[in-house]
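*Asks:* Before anything else, here's the structure in question.
Residue numbers (our numbering), protein chains in the order written: chain Z, 1 to 358; chain C, 359 to 538.
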């Protein structure tokens, strides 16, 4: 019999605890060594160490940036728009942002950087821009809907309760707009809603019931789903019919990185890779930690990379993966990134928006 | 608790894997149930449970008995993880990554079981209460937390929490009694 989640998590925690225990003596030795050294000596060792690290880091940067490093982007604004922000998208001459604290959709004037409309909604919200409307996935935990926001009125023009053709509730996930359809996602299914009629037209199986879906994105009119077994599957964006399945075993627990007009990007906790959509193979891989979403501006792919020292806005050449620019942006805690004209907007979990111009 | 069994505090003080697993087993369903009721999302509840216990494992050397019970300490971590997830819109896996733990994928059976935590009649009944009473009754009666612990979270006195629980339960009794 298959073990349940609680049992499997117990095994994983025990294994982690045992790894920690094995690591323990070394860590304790290091701590003891540190405490036995006199403060003056420690300061001197620290200074030498810091100098060595600075030299190594400078050499690394010189190597990584290549012969013609791009000028670091200028931080041109830091504005507080809410007490918490989530997904964001640029569309209809505005920036649309999810207010996670007050459960609302915000419409922001990109020039004034001010909220010009607020649409109250409910539950967990996710957004996707379509050709003539903004679509919001609204999931209260007891049911989910796709809400069509009319950008002319800033009001919900339709609310489509998500149910399978058999009448069962269906979660919203992050919607994906392809042509005249909006797709919503559950753990292994996708539901297509016709944007003109508001009717469910298709229920597609993206993965077997024993395998979940981590992320979905749209590229060239097709759906790309990254499965929990590490495989990447391509589906017809109109019918949901499966076209091809690739292996992505070179990354540990990968996920798809969404971007406006993106190359196919996949990331795990420490690396980002560009994949060839024809073969599923990596064109390049670069070591960057905790990649969020991405945006293409001025020919570079911009990502917010996070590590223990804070966050960096990193510009990557999409052709070869070369890091062309890297700017420290502090402890901003970006949750989404949007291209707004020639600017990059980083929405922070605390409600701040950092605007940079590469 | 059986006096022959080690206390939660003893289990946290030991550095071996078996002790931490025993501590986890005592609290896993309570924490998972808490997240399931609060999020009504099985995947999110499972992710938050995993990250909460990973954080407890990573921080257990810093736990001090003088600061309160191990159970309250664990709930403090869970509350912070939930608040972070509500702020971000997703559950972090930072500590699990640091500990080299892979994400545990849920089966259909797991999801059904976790969802059942959120569908307990008790947790449905409390929805009829006003917010303050609902939070207090949920925390004390359903999640099994102490008054002092809840008072700290809600930033009110223990007496206020007791009053809210008492009034909330009275309101529920009236409601159940009025059912045809």
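Yeah, the Cβ is synthetic: ideal placement off N, Cα and C, and Gly gets one too. The structure displayed is predicted, hence computed values, not measured ones.
Taking CB distances under 8 Å as the criterion, tell me whether residue 500 of chain C reaches chain Z.
*Replies:* Here residue 500 of chain C is taken as the residue at index 142 of the second chain, counted from 1. Answer no: the Cβ-Cβ gap between residue 500 of chain C and chain Z never drops below 8 Å.
*Asks:* What are the residues of the region 463 to 475 of chain C that lie near chain Z, defined by any Cβ-Cβ distance shorter than 9 Å?
*Replies:* Residues passing the 9 Å Cβ filter: 463, 464, 465, 466, 467, 468, 469, 471, 472.
*Asks:* At which residues does the alpha helix (DSSP H) containing residue 87 of chain Z begin and terminate?
*Replies:* For the purposes of this step, residue 87 of chain Z is taken as residue 87 along the first chain, with counting starting at 1. No alpha helix (DSSP H) contains residue 87 of chain Z, which is instead part of the beta strand (DSSP E) from 85 to 91.
*Asks:* Would you be able to state if there are at least three C-beta pairs under 8 Å between the region 277 to 291 of chain Z and the region 339 to 356 of chain Z?
*Replies:* Taking 8 Å as the limit for Cβ pairs, the verdict is that the region 277 to 291 of chain Z does not touch the region 339 to 356 of chain Z.
*Asks:* Taking the CB atoms as reference points, tell me whether residue 213 of chain Z and residue 187 of chain Z lie closer together than 8 Å.
*Replies:* Residue numbering aside, residue 213 of chain Z sits at position 213 when the first chain is read from its first letter. Residue numbering aside, residue 187 of chain Z sits at position 187 when the first chain is read from its first letter. In this structure, residue 187 of chain Z lies closer than 8 Å to residue 213 of chain Z by Cβ.
*Asks:* Assuming residue 79 of chain Z and residue 94 of chain Z form a contact by the criterion Cβ under 8 Å, report the distance between their Cβ atoms to the nearest whole angstrom.
*Replies:* Position 79 of the first chain, counted from the start, is the residue given in the question as residue 79 of chain Z. Position 94 of the first chain, counted from the start, is the residue given in the question as residue 94 of chain Z. With a Cβ gap of about 15 Å, residue 79 of chain Z and residue 94 of chain Z do not count as contacting.
*Asks:* For a contact meaning CB atoms closer than 9 Å, what does residue 212 of chain Z contact in chain C?
*Replies:* Translated into the one-based positions of the first chain, residue 212 of chain Z becomes position 212. Neighbours of residue 212 of chain Z on chain C, chain order: 401, 463, 464.
*Asks:* Leaving out five residues before and five after residue 117 of chain Z in sequence, what residues of the same chain have Cβ atoms less than 6 Å from its Cβ?
*Replies:* As a first step, residue 117 of chain Z must be located in the first chain, where it is residue number 117. Within the same chain, residue 117 of chain Z has close Cβ partners 107, 154.
*Asks:* Measuring straight from C-alpha to C-alpha, what distance separates residue 342 of chain Z and residue 328 of chain Z?
*Replies:* Against the first chain, residue 342 of chain Z aligns to sequence position 342. Against the first chain, residue 328 of chain Z aligns to sequence position 328. So the alpha carbons of these two residues sit roughly 19 Å apart.
*Asks:* So residue 355 of chain Z is in the beta strand (DSSP E); what residue range does that whole segment cover?
*Replies:* As a first step, residue 355 of chain Z must be located in the first chain, where it is residue number 355. Where residue 355 of chain Z is concerned, the enclosing beta strand (DSSP E) stretches over 352 to 357.
*Asks:* Helix, strand or coil for residue 215 of chain Z per DSSP?
*Replies:* The sequence position of residue 215 of chain Z within the first chain is 215, counting from 1. Residue 215 of chain Z: strand per DSSP, three-state reduction.
*Asks:* Assuming residue 239 of chain Z and residue 202 of chain Z are in contact, meaning their beta carbons sit under 8 Å apart, how far apart are those beta carbons, in whole angstroms?
*Replies:* Indexing the first chain from 1 puts residue 239 of chain Z at position 239. Indexing the first chain from 1 puts residue 202 of chain Z at position 202. Correct: roughly 7 Å between the Cβ atoms.
*Asks:* So, with DSSP's three-state summary, where would you put residue 161 of chain Z?
*Replies:* Residue 161 of chain Z sits at position 161 when you count from the first residue of the first chain. Residue 161 of chain Z: strand per DSSP, three-state reduction.
*Asks:* Write down every uninterrupted run of the beta strand (DSSP E) in the region 421 to 478 of chain C whose length is 3 residues or greater and which is fully enclosed by it, in chain order.
*Replies:* Runs of the beta strand (DSSP E) inside the region 421 to 478 of chain C: none found.
*Asks:* Please compile the residues from chain A whose C-beta is within a distance smaller than 9 Å of the C-beta of residue 375 of chain C.
*Replies:* In the displayed structure, chain A is absent; the protein chains listed are Z and C.
*Asks:* Leaving out the 5 sequence neighbours to the left and right, which residues in its chain are closer than 8 Å to residue 57 of chain Z when beta-carbon positions are compared?
*Replies:* Translated into the one-based positions of the first chain, residue 57 of chain Z becomes position 57. With a pLDDT of 47 at residue 57 of chain Z, under the threshold of 50, the predicted position of this residue should be treated as unreliable, and no value is reported.
*Asks:* Apply the 10 Å Cβ neighbour rule to residue 192 of chain Z and answer buried if 16 or more other Cβ atoms are within range, or exposed otherwise.
*Replies:* Locating residue 192 of chain Z in the first chain gives position 192, counting from the first residue. Under this definition residue 192 of chain Z is a buried residue.
*Asks:* Taking all protein chains shown into account, do 16 or more other C-beta atoms lie within 10 angstroms of the C-beta of residue 474 of chain C, making it buried, or fewer, making it exposed?
*Replies:* Here residue 474 of chain C refers to the residue found at position 116 when the second chain is read from its first residue. The residue in question, residue 474 of chain C, is exposed, as its Cβ has fewer than 16 Cβ neighbours within 10 Å.
*Asks:* To which residues of the same chain is residue 421 of chain C closer than 7 Å at the C-beta, ignoring the five residues directly before and after it?
*Replies:* In the second chain, residue 421 of chain C corresponds to position 63, counting from 1. Once the five neighbours on either side are set aside, the close Cβ partners of residue 421 of chain C are 370, 428, 431.
*Asks:* Have a look at Z:110, Z:6, Z:84, Z:15 and flag the residue whose alpha-carbon is nearest the alpha-carbon of residue 356 of chain Z.
*Replies:* As a working note, residue 356 of chain Z is residue 356 in the first chain. Nearest option by C-alpha distance: Z:110.
*Asks:* What residues of chain C sit near residue 349 of chain Z, judged by a beta carbon separation below 9 Å?
*Replies:* On the first chain, residue 349 of chain Z is found 349 positions in, with the first residue counted as 1. Within 9 Å Cβ-Cβ: 442, 445, 446, 447.
*Asks:* Is the distance from the Cβ of residue 237 of chain Z to the Cβ of residue 222 of chain Z below 8 Å?
*Replies:* Taking the first residue of the first chain as position 1, residue 237 of chain Z is located at position 237. Taking the first residue of the first chain as position 1, residue 222 of chain Z is located at position 222. Contact: yes.
*Asks:* Buried or exposed for residue 20 of chain Z, please, with buried defined as at least 16 other CB atoms from any protein chain shown within 10 angstroms of its CB.
*Replies:* Sequence index remark: in the first chain, residue 20 of chain Z carries index 20 (1-based). It is buried - the Cβ of residue 20 of chain Z has at least 16 other Cβ atoms within 10 Å.
*Asks:* At a CB distance below 7 Å, what residues from the region 382 to 398 of chain C approach chain Z? Give them in sequence order.
*Replies:* Listed by position along the chain: 382, 383, 386, 387, 390, 397, 398.
*Asks:* With 16 other CB atoms within 10 Å as the buried threshold, where does residue 335 of chain Z fall?
*Replies:* The sequence position of residue 335 of chain Z within the first chain is 335, counting from 1. Buried: at least 16 other Cβ atoms inside 10 Å.
*Asks:* Is DSSP giving residue 180 of chain Z helix, strand or coil here?
*Replies:* If you number the first chain from 1, residue 180 of chain Z lands on position 180. Three-state result, residue 180 of chain Z: coil.
*Asks:* Can you check which of these residues, Z:105, Z:124, Z:92, Z:74, is closest to residue 445 of chain C by C-alpha distance?
*Replies:* Reading the second chain from its first residue, position 87 is the one you call residue 445 of chain C. Selected option, being the one with the closest Cα: Z:124.
*Asks:* Would you give the residue range spanned by the alpha helix (DSSP H) that residue 388 of chain C belongs to?
*Replies:* Position 30 of the second chain holds residue 388 of chain C. Residue 388 of chain C -> alpha helix (DSSP H) spans 375 to 397.
*Asks:* So is residue 232 of chain Z in contact with chain C if we call contact Cβ pairs under 8 Å?
*Replies:* For the purposes of this step, residue 232 of chain Z is taken as the residue at position 232 of the first chain. Judged by the 8 Å Cβ criterion, residue 232 of chain Z is not in contact with chain C.
*Asks:* For the candidate residues Z:151, Z:243, Z:143, whose alpha-carbon lies nearest to that of residue 172 of chain Z?
*Replies:* One-based indexing of the first chain puts residue 172 of chain Z at position 172. The candidate whose alpha carbon is nearest that of residue 172 of chain Z is Z:143.
*Asks:* So if I threshold CB-CB distances at 8 Å, which residues from the region 335 to 347 of chain Z count as touching chain C?
*Replies:* For the region 335 to 347 of chain Z, which is checked against every Cβ of chain C, the residues closer than 8 Å are 335.
*Asks:* Could you name the residues of the same chain whose beta carbon sits closer than 8 Å to that of residue 509 of chain C, not counting the 5 residues immediately before and after it, in chain order?
*Replies:* On the second chain, position 151 is the one that residue 509 of chain C refers to. So the list reads 515, 516, 518, 519, once near-sequence residues are dropped.
*Asks:* Is there at least one Cβ from chain Z nearer than 8 Å to residue 378 of chain C's Cβ?
*Replies:* Residue numbering aside, residue 378 of chain C sits at position 20 when the second chain is read from its first letter. Yes, because at least one Cβ of chain Z sits closer than 8 Å to the Cβ of residue 378 of chain C.
*Asks:* From residue 286 of chain Z to residue 314 of chain Z, what distance separates their C-alpha atoms?
*Replies:* Position 286 of the first chain, counted from the first residue, corresponds to residue 286 of chain Z. Position 314 of the first chain, counted from the first residue, corresponds to residue 314 of chain Z. Each residue's Cα considered, the two are about 11 Å apart.
*Asks:* Helix, strand or coil: how does DSSP classify residue 407 of chain C here?
*Replies:* To locate residue 407 of chain C, count along the second chain from 1; it is residue 49. Helix, per DSSP.
*Asks:* Per DSSP, residue 337 of chain Z is paired with what?
*Replies:* The residue you call residue 337 of chain Z lines up with position 337 of the first chain. DSSP, once it has assigned bridges, lists Z:346 as partnering residue 337 of chain Z.
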